[in-house]
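Asker:
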Amino acid sequence: MSGEGAHALAGLMAGGVPRLSGIELPAPEPGPVARALSADAPADGEPQFDPATTADIQGNVIPGFNKDHQRFLFLRIEDVEGARAWLTWLAPRLSSMQEVLDFRREFRRERLRTGATEPTTSATWVAFALSGPAVAKLLGDEALDAMSDEAFRQGLAARSTYLGDPADPTRTGHRAHWRVGGDESEADFLVTVAADSAADAESEASVILEEGARNGVSVLFAQAGENLPGNLGGHEHFGFKDGVSQPGVRGVTADGELLAPRYLDSRDPHARLFGKAGQPLVWPGQFVLGMPRQDPADPLVPAADDGVFPDWARLGSYLVCRRLAQDVPAFWDFAAAASAEYGTDPVHFASLMVGRWPSGAPVSRAPERDDLDLAGDEFAHNHFQFDDDTKAWTPVRRLVEGGYRGDEHPKARADVFGDVCPMAGHIRKVNPRDSGTDFGAPADTMLRLMLRRGIPYGPVLAGVTDPSPELVAAERGLVFVAHMASIEDQFEFVTRRWANSAVQPNAGGHDPVIGQADVHGDRGRSFDVRTPSGEAKRFVLDREWVMPTGGGYFFAPAISAVSGHLATGAEGPGPVRPPG
Amino acid sequence: MELVRFSAPAHLDDAGRGSDFPDQWHDLVSGLIAASTEVSGRGAYVNPVLHPVRRDRERAITWTGLSRPLLMKHRDDRRAAYAAAESRDVQIEYLEWHVEKVDGRIARVTFTTETPEYWMLLAEVHPDAVLALYRRLVSPAVAEEDLFPDGGEYDPRNRWNTTDGIVHYVMPINSMGDLLGVSQESEPSQHAVDGYDALPYSRATGADARINFDVWAMSRQGLSVATADPPGLYMIGWDDSGWTKPDGTPVGDYWTIERGARGAALRVTYEVPAGEGFLVSDIRIGGRPIEFGAQIAEHITMSAHVVSGAAA
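Protein sequence lines correspond, in order, to chains R and L.
With the first letter of the first sequence counted as 1, position 104 gets the number 104 in the working numbering; the numbers rise by one all the way through.
One rule links them: number in the working numbering = place in the second sequence (from 1) + 580.
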């Protein structure tokens, strides 16, 4: 590594982010929506998750495990009848949406009260998903044909070069070299174990694998995912806070709990569009089959229909998994060289490439330098737009009464031409927010959002002073995991049409973090950064620092479908577990 | 800040030296633009022929060539969207195409972004040039009578621009007038504070929404906006990564720009060179065989270009 890049990398997140604390939110109680429901009113059309539903949807879909220690078990069916028996055994171990919601609710209150980043209670959770070949093995080819998502039916390996992965088999990143999910190494099942300690995760994974081994389910590949340590907790390996921006899922449970709590005062012009400020509310059918999904034009009403899927897939969710190796030294060497050419420091330039500073503070609200206070304010760090000055937002009374002092951080200014946050900045590429896109109005962008559930793997290099050559060379990256209702219209759309394009959603170059290109063998990419005078300066991406090394397209069925339809092969919906 | 003199799309020179066609084209386009139109916000859309406009910033407004309305109508069946999109009458995103088949299999697809206004004016001023261009672009068999029935006016829906070929738009709301008209539309409420506030947006097309939202955003910043010169609609690029030959290897560059230039193409054909030994239908996009021209159109990015600056 070059001196400047290594220096910048070693110095990342030397200081911790001061998290909000001292905020006491009232215990959840039936909000206005639920009260309206009890009065038999339509309640603003909020989709309802009844107890049978929250007991059936897997908890890593909604609200997401978000645990520091995870194990990804890529499994293969050796014996179909054995696999059915194993599914019957596994189903009661799967974590439901309700179980994870209950945990999250308490942890959220605890976090706001104390600023803690770790929960004081622990839980170990399990999720299950199966691939297209597994659907065919368990239910037959016709059942696979009935899955509406054609990309799922094809599988990740078949779609690899469509995503920009290398077409040349001699290149690193070509599917022939993948650890799992390549042409000959496609997994049938993906089991995710999430825990609060590595030992807990390992222990549960072992039990699952042993039971699999007894039932003709073999392990193809296992990957440990570990949150990065210390101040880098929640960051990816380049050193940037990850997962800051997630859509809020519209919906209310029978207890009156909103899946995405509303923190904007009802008089705020955007109160019906956002949960937290800057967190768009998206209809749940974008992530869970059979729920009301997003209307292409109007974010406030559901689409006319819920989509097409076989009965057993109801309340399930497609899952994209990509094992992405990250060449951290290459990224920072580039940032150092480019920053010298641009006339700034490596961290600033790398932040322009990402659109956020390492802390997670958006460049749009902190153009000059990182802002740890902003980063630590979870109600503010996602509140920004690109095309217009971002207005102040009004917190709901319960948040103010709970102790939130309000969002007093510098506001984002209109940035129509990418003077502050480059058009190619990663977060602007994959979520253009309020801007128009090549597919139209910002309402269309809400059709593209995913629920991301990724976690890093491999030893941390960021923040390490004088790392050994072995540590520098060690493999590290991200297990990208995302849930959605359409792989083609969400994950593939954002990857191919936006990240990999120099002109979409806005002209200004390729996504310099995750963008790929492979046009007639040419993998050349570039992106533009505006100089202070407004001139677009082009930077050629002369090396690649994110490389696919495995993964798969999967489907995470409802828990009842695991114990029922998949385990028995029977037609019709499986039994629904009782709530609680 | 000089006044603009509009050039032909992609600086085409179909009329030759000494013709007054360029002057007439300039007048025609200028006539399609109001002198100055309130858009949404403090800025305005202006006619740069009549009002000097600062050209501080240029912007490529981009969208996708395949009909967004059809993709939304067939959210769960993309093949149905492709099939429906083959009719010129629904190719609504300012990109139209014509498919040529051999034994029922696609051999060539021709894409155009050329406007009827341009061809109708050219036919009026230089009918011989129009006939020659049709013969060169579509077929040597084109007869004058086909284009100018009964020795009269040019018929834009002639067989060589509909059933037997393609030269310019025929879909009723694909035109220079529509592009410039959409650009001058004001946001319905006229006081949206941002892009979210302008929702719901009632039109389903990608192009109209894109043009509206981009122009409105600039206008809200107090910028005046004008069409860049030359005004027009272009194919700014296409993405054939992940397209494979029958042997699974990546396709070569099978695109031919017949009018316009790379980055600003007006007419493009997609056809496998004879020596390759297979047809377009044998190509797979992300593992799926090409059955429709729409599958190619989906990977073509369209553009229109504007300039903007502080309002005068």
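All residues carry an ideal CB built from backbone N, CA and C; glycine is no exception.
Model, not experiment: these values are computed from the prediction.
Can you give the Cα-Cα distance for Ile23(R) and Pro358(R), rounded to whole angstroms?
Answerer: Working through the first sequence from its first residue, we reach residue 23(R) at position 23. Working through the first sequence from its first residue, we reach residue 358(R) at position 358. Taking the straight line joining both Cα atoms gives about 25 Å.
Asker: Within the 8 Å Cβ cut-off, does Tyr162(R) reach chain L?
Answerer: Position 162 of the first sequence, counted from the start, is the residue given in the question as residue 162(R). For Tyr162(R), the answer is yes, since a Cβ of chain L falls inside 8 Å of its Cβ.
Asker: Please identify, using Cβ separations under 7 Å, the residues of the stretch 413-434 of chain R that lie next to chain L, in order along the chain.
Answerer: Taking 7 Å as the Cβ-Cβ cut-off against chain L, the residues of the stretch 413-434 of chain R that qualify are Ala414, Val416, Phe417 and Asp434.
Asker: Do you know offhand how far Glu226(R)'s Cα is from Ala330(R)'s?
Answerer: Position 226 of the first sequence, counted from the start, is the residue given in the question as residue 226(R). Position 330 of the first sequence, counted from the start, is the residue given in the question as residue 330(R). C-alpha separation (whole angstroms): 22 Å.
Asker: Kindly indicate if chain L contains any beta-carbon less than 8 Å away from that of Glu186(R).
Answerer: Looking up residue 186(R) in the first sequence gives position 186. Cβ-Cβ to chain L under 8 Å: no for Glu186(R).
Asker: Is Trp796(L) closer than 8 Å to Glu838(L) when the C-beta atoms are compared?
Answerer: The sequence position of residue 838(L) within the second sequence is 258, counting from 1. The sequence position of residue 796(L) within the second sequence is 216, counting from 1. Not a contact, by the Cβ cut-off of 8 Å.
Asker: Please list, in chain order, all residues of the same chain as Asp438(R) whose beta carbon is under 6 Å from its beta carbon, the five residues on each side excluded.
Answerer: Along the first sequence, one-based indexing puts residue 438(R) at 438. Contacts found: Gln504 and Pro505.
Asker: Please state whether DSSP places Ala8(R) in a helix, a strand or coil.
Answerer: Residue mapping note: residue 8(R) aligns to position 8 of the first sequence, counting from 1. Reduced to three states, the DSSP call for Ala8(R) is helix.
Asker: Please list, in chain order, all residues of the same chain as Pro826(L) whose beta carbon is under 6 Å from its beta carbon, the five residues on each side excluded.
Answerer: Here residue 826(L) refers to the residue found at position 246 when the second sequence is read from its first residue. For Pro826(L), where only same-chain residues beyond five positions count, the Cβ hits under 6 Å are Phe858 and Asp862.
Asker: Is Ala570(R) buried or exposed, if buried means 16 or more other CB atoms sit within 10 Å of its CB?
Answerer: Here residue 570(R) corresponds to residue number 570 of the first sequence, with the count starting at 1. The residue is exposed, with fewer than 16 neighbouring Cβ atoms inside 10 Å.
Asker: Below 7 Å on C-beta distance, what does Tyr776(L) contact in chain R?
Answerer: On the second sequence, residue 776(L) is found 196 positions in, with the first residue counted as 1. Correct list: His270, Leu273, Asp434 and Pro442.
Asker: Determine, using beta carbons only, whether Ala146(R) comes closer than 8 Å to chain L.
Answerer: As a working note, residue 146(R) is residue 146 in the first sequence. Taking Cβ atoms only, chain L never reaches closer than 8 Å to Ala146(R), which makes this a no.
Asker: Cα separation between Pro602(L) and Asp744(L)?
Answerer: Position 22 of the second sequence, counted from the first residue, corresponds to residue 602(L). Position 164 of the second sequence, counted from the first residue, corresponds to residue 744(L). Computed Cα separation, rounded: 29 Å.
Asker: Count the other C-beta atoms from every protein chain shown that fall within 10 angstroms of the C-beta of Pro310(R), then say buried if there are 16 or more, exposed otherwise.
Answerer: As a working note, residue 310(R) is residue 310 in the first sequence. When all chains shown are included, Pro310(R) counts as buried.
Asker: Helix, strand or coil: how does DSSP classify Trp823(L) here?
Answerer: Along the second sequence, one-based indexing puts residue 823(L) at 243. Three-state result, Trp823(L): strand.
Asker: Quick one: is Thr172(R) buried, meaning 16 or more other Cβ sit within 10 Å of its Cβ, or exposed?
Answerer: Within the first sequence, the letter at position 172 stands for residue 172(R). The residue in question, Thr172(R), is exposed, as its Cβ has fewer than 16 Cβ neighbours within 10 Å.
Asker: Does DSSP put Tyr162(R) in a helix, a strand or coil?
Answerer: Here residue 162(R) refers to the residue found at position 162 of the first sequence. Here Tyr162(R) sits in helix by DSSP.
Asker: Per DSSP, which residues does Val126(R) bridge with? Please list them.
Answerer: Locating residue 126(R) in the first sequence gives position 126, where the first residue counts as 1. In DSSP, Val126(R) forms a bridge with Val193(R).
Asker: Once you ignore the five residues that flank Val308(R) on each side, which residues in its own chain have a CB closer than 6 Å to its CB?
Answerer: Within the first sequence, residue 308(R) is the residue found at index 308, counting from 1. Closer than 6 Å at the Cβ level, and outside the excluded window around Val308(R), lie Ser148.
Asker: So Ile672(L) and Met751(L) are supposed to be a Cβ contact under 8 Å. How far apart are they, rounded?
Answerer: Here the question's residue 672(L) lines up with position 92 in the second sequence. Here the question's residue 751(L) lines up with position 171 in the second sequence. The pair is a contact, with the Cβ atoms about 6 Å apart (cut-off 8 Å).
Asker: With 16 other CB atoms within 10 Å as the buried threshold, where does Gly802(L) fall?
Answerer: Within the second sequence, numbered from 1, the residue matching residue 802(L) stands at position 222. Classification for Gly802(L): exposed.
Asker: Assign Val33(R) to buried or exposed, taking buried as 16 or more other Cβ atoms, counted over all protein chains shown, within 10 Å of its Cβ.
Answerer: As a working note, residue 33(R) is residue 33 in the first sequence. At Val33(R) the pLDDT is 47, less than 50, meaning the model places this residue with poor confidence and gives no usable figure here.
Asker: Looking at the C-beta of Leu12(R), does it have a partner C-beta in chain L at a distance below 8 Å?
Answerer: Taking the first sequence and counting its residues from 1, one reaches residue 12(R) at position 12. No, Leu12(R) lies away from the interface with chain L (no Cβ there is under 8 Å from its Cβ).
Asker: Do we get a CB-CB distance below 8 Å when we pair Pro830(L) with the residues of chain R?
Answerer: Looking up residue 830(L) in the second sequence gives position 250. So yes, Pro830(L) belongs to the interface.
Asker: Applying the 10 Å Cβ sphere with the 16-neighbour rule, what's the burial state of Asp708(L)?
Answerer: The residue you call residue 708(L) lines up with position 128 of the second sequence. The residue is exposed, with fewer than 16 neighbouring Cβ atoms inside 10 Å.
Asker: When the cut-off is 8 Å and only beta carbons count, does Asp820(L) lie next to chain R?
Answerer: Residue 820(L) sits at position 240 when you count from the first residue of the second sequence. True, the Cβ-Cβ gap to chain R drops below 8 Å.
Asker: Output yes if chain R places a C-beta closer than 8 Å to the C-beta of Val633(L); else output no.
Answerer: By 1-based counting over the second sequence, the position of residue 633(L) is 53. Closer than 8 Å: no.
Asker: What alpha helix (DSSP H) runs, 4 residues minimum, are completely inside the stretch 312-389 of chain R?
Answerer: The stretch 312-389 of chain R contains these whole alpha helix (DSSP H) runs: 328-342, 346-354 and 372-376.
Asker: Less than 8 Å separating the beta-carbons of Val581(R) and Leu232(R)?
Answerer: Outside the displayed range of chain R (1 to 580) lies residue 581(R), so it cannot be described from this structure.
Asker: To the nearest angstrom, how far is it from the Cα of Lys67(R) to the Cα of Ser96(R)?
Answerer: Here residue 67(R) refers to the residue found at position 67 when the first sequence is read from its first residue. Here residue 96(R) refers to the residue found at position 96 when the first sequence is read from its first residue. Each residue's alpha carbon lies about 15 Å from the other.
Asker: Listing by chain order, which chain L residues have their CB less than 9 Å from the CB of Lys391(R)?
Answerer: Counting from 1 along the first sequence, the entry for residue 391(R) is found at position 391. Result: Val773 and Asp774.
Asker: To the nearest angstrom, report how far apart Met815(L) and Thr693(L) are at their CA atoms.
Answerer: As a first step, residue 815(L) is located in the second sequence; it is residue number 235 there, counting from the start. As a first step, residue 693(L) is located in the second sequence; it is residue number 113 there, counting from the start. Roughly 7 Å between the two C-alpha positions.
Asker: Quick test of the definition: if touching needs 3 or more C-beta pairs under 8 Å, does the stretch 391-402 of chain R touch the stretch 430-445 of chain R?
Answerer: At 8 Å Cβ cutoff, the stretches do not touch.
Asker: So, helix, strand or coil for Ser563(R), using DSSP?
Answerer: The residue you call residue 563(R) lines up with position 563 of the first sequence. It is helical.
Asker: Nearest to Asn754(L) by alpha carbon, out of Gly812(L), Ala778(L), Glu724(L) and Gly731(L)?
Answerer: Counting from one through the second sequence, the residue named residue 754(L) turns up at place 174. Of the listed residues, the one whose Cα sits closest to Asn754(L) is Gly812(L).
Asker: Any beta carbon of chain R sitting closer than 8 Å to that of Pro780(L)?
Answerer: Mapped onto the second sequence, residue 780(L) falls at position 200. True, the Cβ-Cβ gap to chain R drops below 8 Å.
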